[in-house]
Amino acid sequence: MTGSSDALFDYIAAELAKFVAQEGSDFKQSPGRQRELGFTFSFPVMKSSIASGTLLRWTKGFSIDDMVGQDVVAELAKAMERQGLDMRIVALVNDTVGTLAGGRYNNNDVDASVILGTGSNAA
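Here's what the structure looks like:
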């Protein structure tokens, strides 16, 4: 994938907005409370906090030069604001950690996750 960081993150935010608009009433946020989002990003980043990280390089066929060296969470937050999404990104994780967290959330017996795709990793 080539293009601009705005195009990529605007696409992600637009799809997220569609999902939020279609979710059932069980997942509606209480009035006055901002929705929190965990962001799974499957590319090498240098994390500076739990919810920020600078893209080191693209892999997996992506090549968006204006994004390298930028904070991926900040870029997604700007795109979500452009979409009118009132959400706060509280965690940035890679796909393996995201899979482990999701599995553990659904089943307390989950102890590990493995990713086998364009790369491989385990947590």
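For the sequence shown, our numbering assigns the number 688 to the initial residue and increments by one for each residue that follows. Using N, Cα and C, we set each Cβ at its ideal position, and we do this for glycine too. Since the structure is predicted, the reported quantities are computational estimates derived from the model, not experimental observations.
Assign F696 to buried or exposed, taking buried as 16 or more other Cβ atoms, counted over all protein chains shown, within 10 Å of its Cβ. buried
Whole angstroms is fine: what's the gap from N795's alpha carbon to V784's? 15 Å
If you follow the alpha helix (DSSP H) that K705 is in, where does it begin and where does it stop? 692-709
Bounding residues of the beta strand (DSSP E) (the contiguous stretch that carries N808): 807-809
Does the beta-carbon distance from L763 to I699 come in below 8 Å? yes
Identify, in the order they occur along the chain, each residue of the same chain with its Cβ nearer than 8 Å to the Cβ of V797, setting aside the five sequence neighbours on each side. L787, G790, R791
Suppose contacts are defined by Cβ-Cβ distances below 8 Å. Is L742 in contact with V760 by that definition? no
Please state the DSSP three-state secondary structure of G771. coil
Pair within 8 Å by beta-carbon distance, S692 and M754: yes
Where DSSP assigns a beta bridge to N797, which residues make up the other side? The question names Asn, yet the displayed sequence has Val at residue 797. DSSP, once it has assigned bridges, lists no residue as partnering V797.
Quick one: what does DSSP say T786 is sitting in, helix, strand or coil? helix
With a threshold of 6 Å on Cβ separation, who are the neighbours of R775 within its own chain once the five nearest residues in sequence on each side are excluded? Q721, E723
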